[in-house]
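So the sequence lines, in the order shown, correspond to chains E and Z. Note that our numbering gives residue 295 to position 262 of the first sequence, counting from 1, and the numbers run on in steps of one. Note that our numbering gives residue -2 to position 17 of the second sequence, counting from 1, and the numbers run on in steps of one. A virtual CB, placed ideally from N, CA and C, is assigned to each residue, including glycine. Remarks on the structure that follows.
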Amino acid sequence: MSRVVEVDVLIIGSGAGGGTVAARLAPMCASGARIAVAETGPWWGRDAFSMRETEMVRLFRDNGAVPSTSFDIAVSAGECIGGSTAVYTGVTFRAPEGLVAGWAREGGLPELDEADVQARFPRIEEEIDAHVPGRDMENANNRIFREGCERLGHPVKQFRVNIRDCIGCGFCNLGCPYGAKRGTLEVQIPAAVAAGVDVIPNCRIERVMDDGAEGVIAAAPPGSRPGAHEPGEVRFRARVVVVAAGALSSSALLLRSRLEGLSPACGRYVTLHPALTSFGRMPGPVRGYEGFPKLYYTDRFSESHGYYVETAFYFPFVTARSLPGFGPDLKGFMRAYGNLACALTLVHDEAEAHNRIRLVGDKAVLDYRLSAASREAIVHAQREVGRIYFAAGAEEYVSLLNSPFGVTRGEDLDRHIALSSLKSGKVVVSSAHPMGGCRMGADRATSVTDAWGRVHGHESIVVADASLFPTSSHVNPYLTIMALAERNAEAIARRI
Amino acid sequence: MPDTPEPFRFFTPRTAATFSAVAGCIVPAEATSPGADSPSALRIADRAISERPERDRRLLRAFLGVVEFLPRLRYGRGFTRLTRDRREAFLRFLEGSPVARLRQGFFGLKTFALLGYYGQDETWREIEYPGPRTDAPFYELRRKEKQGP
């Protein structure tokens, strides 16, 4: 028999959405409110971040790769306290102006106020130390990208990043062992815990209902911090249930819960920000693994071709996985690992109903196909990134679309990088920004929640993560998630 | 007495032989370095596959059977009994196959072979990757360099 845990608010998920809701509601604990955060993944501390790829896959759902049924794309999402903010690089974008207004207009949501959302960004940025870092943070990988763009006349813009006292160990995507990355693991969750919020790691919620949720608490893995609850089945009784499990999981949880009158749009209109990594082999050392990996991006092709290019760097396995072919070519190129400059293309994909989370039995699967526009954007981007690196002095350029293996200086990029190479399964595009599935809107037929994240027909169930997005944010989404989660938390506070 | 190697978690002797033959083509051994078919790389790949969801493990198991069997139709013998050249030719066929499931299966095997090889410390020296570093934080070093001796 399940034990029963009585709370006022149960928050499912501890990432950008759940962590923010927890921190905003936490002051209510002082007046007796009982608030709990249930996180599927473990609670790893800084000392558990070993900076090794083979070990740190445990920070991710399904060890870092949730493939679509088409194998067009594989999604990575954090599954630990902090969610994806524990494994992101800290790239901080405000939602582009007009995005939220468009969501309000298209969704018939006058109460979703663009000015209100935009006004939240500076304050949240201050809370999490998001700022434009100085030029002294620039490592060789970032310098090469900047110089290549400048020589071609492309605008080079700097990210805000939410880091403090970063020493440049470069392991952001494997968990920050120094606590310099100011995600929810380091900022919102500790604040919530200090105020009295009960954080429950290893707690998988199977079903939500209007007055609570059911789940199972697993034993804490060795080396992780246990919560206060013994392993076993658990039934939460809650006045409000906040679903912030991430866009891969939130709509699946609602579908699995078989809520009465749930919108047929639930799980649909998923966008993923398809991404592809490519490499310039430089004549001298780059050592992209030293220093902060991401400082710059160019939006030169955002309007015209639908993508951004950002600096990036990855560790040996992920780098090798991002190369085409196999055998001596691949092994030989990897020998130049220390000389590789690396960039990431992020495509603005459109929200389409057929791209969706659905259930097979009780298991969630992701149906996603790259659109013709996304495919063309990916190919265009791989060619243009090659031009950037050749302008910066690269000797060879390689992307997953290369056939044969690499393009050397002076060869024709357009001939070597062709749409025909972009075959499902041969080129598996990656994603770290799943969005949608519980889109906001006024019409129950085409949307899942209202402007405050309340599931239509189920006012006590509130969504507060990227699954709310009716369309792609076109930029790294976590700050927009935090702003929406904060709004929804305020609505919850008014209610209880 | 020599240590007894830990038993595989996912591989059977038969699937281990097929995977090893594939991995040896993905990252081939050279005079100065091992390949992805080295015992240590196979251990890492085996462990990683064993931690995948059951559906993925089932697919990989079935696909390893397909890889072993399909060459019989063309070459009259299984994958592990082919010459190196024929193994590579067969894998190139899978990689660019018009059948999406074959391409996908190949990508899965390639991924785990690469994880096994590039996930081990021994490989890092070959690619001049220092690995986890706690003693030389980048910006601190740079500040010291600027300050001079």
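Under 9 angstroms Cβ-Cβ, which residues of chain E neighbour residue i?
i: Arg33 of chain Z; result: Asp95, Asn96 and Ala98
i: Gly5 of chain Z; result: Under the 9 angstroms cutoff, chain E gives no residues; its nearest Cβ is about 10 angstroms from Gly5 of chain Z.
i: Thr(-15) of chain Z; result: Within 9 angstroms Cβ-Cβ: nothing; Thr(-15) of chain Z doesn't reach chain E, min ~23 angstroms.
i: Lys125 of chain Z; result: Simply none; closest approach about 12 angstroms.
i: Glu69 of chain Z; result: Phe359 and Gly360
i: Leu72 of chain Z; result: Phe359 and Gly360
Per DSSP, residue i is paired with what?
i: Ser506 of chain E; result: Beta-bridge pairing links Ser506 of chain E to no other residue.
i: Gln191 of chain E; result: E:Tyr329
i: Asp231 of chain E; result: E:Ala69
i: Glu11 of chain Z; result: Z:Ser14
i: Ser432 of chain E; result: E:Ser311
i: Leu377 of chain E; result: E:Thr310 and E:Glu343
i: Pro100 of chain E; result: E:Ala107
i: Thr125 of chain E; result: E:Arg193
i: Thr304 of chain E; result: E:Met468
i: Ala246 of chain E; result: E:Val241 and E:Phe269
i: Cys6 of chain Z; result: DSSP output for Cys6 of chain Z lists no bridge partner at all.
i: His164 of chain E; result: E:Val194
i: Val48 of chain Z; result: Looking at the DSSP assignment, Val48 of chain Z forms no beta bridge with any residue, so it has no partner.
Taking the alpha helix (DSSP H) that residue i belongs to, which residues open and close that run?
i: Val398 of chain E; result: First-last for Val398 of chain E: Lys396 to Asp400, but that is the beta strand (DSSP E), not the alpha helix (DSSP H).
i: Arg391 of chain E; result: Looking at the DSSP string, Arg391 of chain E is not in any alpha helix (DSSP H); the run it does join, the beta strand (DSSP E), is Arg389 to Val393.
i: His338 of chain E; result: Ser335 to His338
i: Ser493 of chain E; result: Ser493 of chain E -> not in any alpha helix (DSSP H); beta strand (DSSP E) instead, spanning His491 to Val496.
i: Phe71 of chain Z; result: Arg65 to Glu76
i: Met89 of chain E; result: Glu86 to Met89
i: His26 of chain E; result: Residue 26 of chain E lies beyond the stretch modelled for chain E, which goes from 34 to 529, so this question has no answer here.
i: Asn372 of chain E; result: That residue, Asn372 of chain E, is in no alpha helix (DSSP H); it is neither H nor E in DSSP.
i: Ala277 of chain E; result: Counting along the chain, Ala277 of chain E falls outside any alpha helix (DSSP H), and DSSP gives it neither H nor E.
i: Ile200 of chain E; result: From DSSP, Ile200 of chain E is part of no alpha helix (DSSP H); its letter is neither H nor E.
Pull up the distance between the alpha-carbon of residue i and that of residue j, whole angstroms please.
i: Ser480 of chain E; j: Gly474 of chain E; result: 5 angstroms
i: Asp445 of chain E; j: Leu433 of chain E; result: 16 angstroms
i: Gly419 of chain E; j: Arg320 of chain E; result: 19 angstroms
i: Trp105 of chain Z; j: Cys182 of chain E; result: 31 angstroms
i: Phe35 of chain Z; j: Cys199 of chain E; result: Residue identity differs from the one stated: residue 35 of chain Z is Glu in this sequence, not Phe. Each residue's Cα considered, the two are about 39 angstroms apart.
i: Arg314 of chain E; j: Lys459 of chain E; result: 23 angstroms
i: Glu409 of chain E; j: Thr(-7) of chain Z; result: 42 angstroms
i: Asp395 of chain E; j: Phe(-11) of chain Z; result: 30 angstroms
i: Asp105 of chain E; j: Pro60 of chain E; result: 44 angstroms
i: Glu180 of chain E; j: Asn174 of chain E; result: 10 angstroms
i: Asn509 of chain E; j: Ile177 of chain E; result: 22 angstroms
i: Thr331 of chain E; j: Val342 of chain E; result: 5 angstroms
i: Val393 of chain E; j: Ala386 of chain E; result: 18 angstroms
i: Ala369 of chain E; j: Pro318 of chain E; result: 9 angstroms
i: Val276 of chain E; j: Gly74 of chain E; result: 15 angstroms
i: Gly78 of chain E; j: Ser257 of chain E; result: 7 angstroms
What is the residue span of the beta strand (DSSP E) that residue i lies within?
i: Ser463 of chain E; result: Val462 to Ser464
i: Phe312 of chain E; result: Ala308 to Arg314
i: Ile106 of chain E; result: Ile106 to Val108
i: Ile45 of chain E; result: Arg36 to Ile45
Could you list which residues in chain Z have their beta carbon closer than 8 angstroms to that of residue i, in chain order?
i: Gly371 of chain E; result: Ile108, Glu109 and Tyr110
i: Ile233 of chain E; result: Chain Z residues near Ile233 of chain E: none, gap ~23 angstroms exceeds 8 angstroms.
i: Tyr322 of chain E; result: Tyr110 and Pro111
i: Arg184 of chain E; result: None at all; the shortest Cβ gap to chain Z is about 25 angstroms.
i: Ile200 of chain E; result: Pro118, Phe119, Tyr120 and Glu121
Which residues in chain Z have a C-beta closer than 7 angstroms to the C-beta of residue i? List them in chain order.
i: Val461 of chain E; result: Phe88
i: Arg368 of chain E; result: Glu107 and Ile108
When DSSP labels each residue in this structure, what does residue i get in the three-state scheme?
i: Tyr110 of chain Z; result: coil
i: Leu54 of chain Z; result: helix
i: Tyr211 of chain E; result: coil
i: Pro254 of chain E; result: coil
i: Ile30 of chain Z; result: helix
i: Thr441 of chain E; result: strand
i: Val418 of chain E; result: helix
i: Cys205 of chain E; result: helix
i: Thr104 of chain Z; result: helix
i: Val351 of chain E; result: helix
i: Phe366 of chain E; result: helix
i: Arg477 of chain E; result: coil
Taking Cβ-Cβ distances shorter than 9 angstroms, what residues in chain Z pair up with residue i?
i: Gly203 of chain E; result: Arg114 and Phe119
i: Asn509 of chain E; result: Simply none; closest approach about 23 angstroms.
i: Met84 of chain E; result: Gly112, Pro113, Arg114 and Thr115
Please list the partners that residue i has in chain E, where partner means a Cβ-to-Cβ separation under 7 angstroms.
i: Gly77 of chain Z; result: Lys459
i: Leu40 of chain Z; result: Correct list: empty, because the minimum Cβ distance to chain E is about 10 angstroms.
Output, in chain order, the set of chain E residues within a Cβ distance shorter than 8 angstroms of residue i.
i: Leu45 of chain Z; result: Near Leu45 of chain Z there are no residues of chain E at all, since even the closest Cβ is about 16 angstroms away, more than 8 angstroms.
i: Thr61 of chain Z; result: Under the 8 angstroms cutoff, chain E gives no residues; its nearest Cβ is about 17 angstroms from Thr61 of chain Z.
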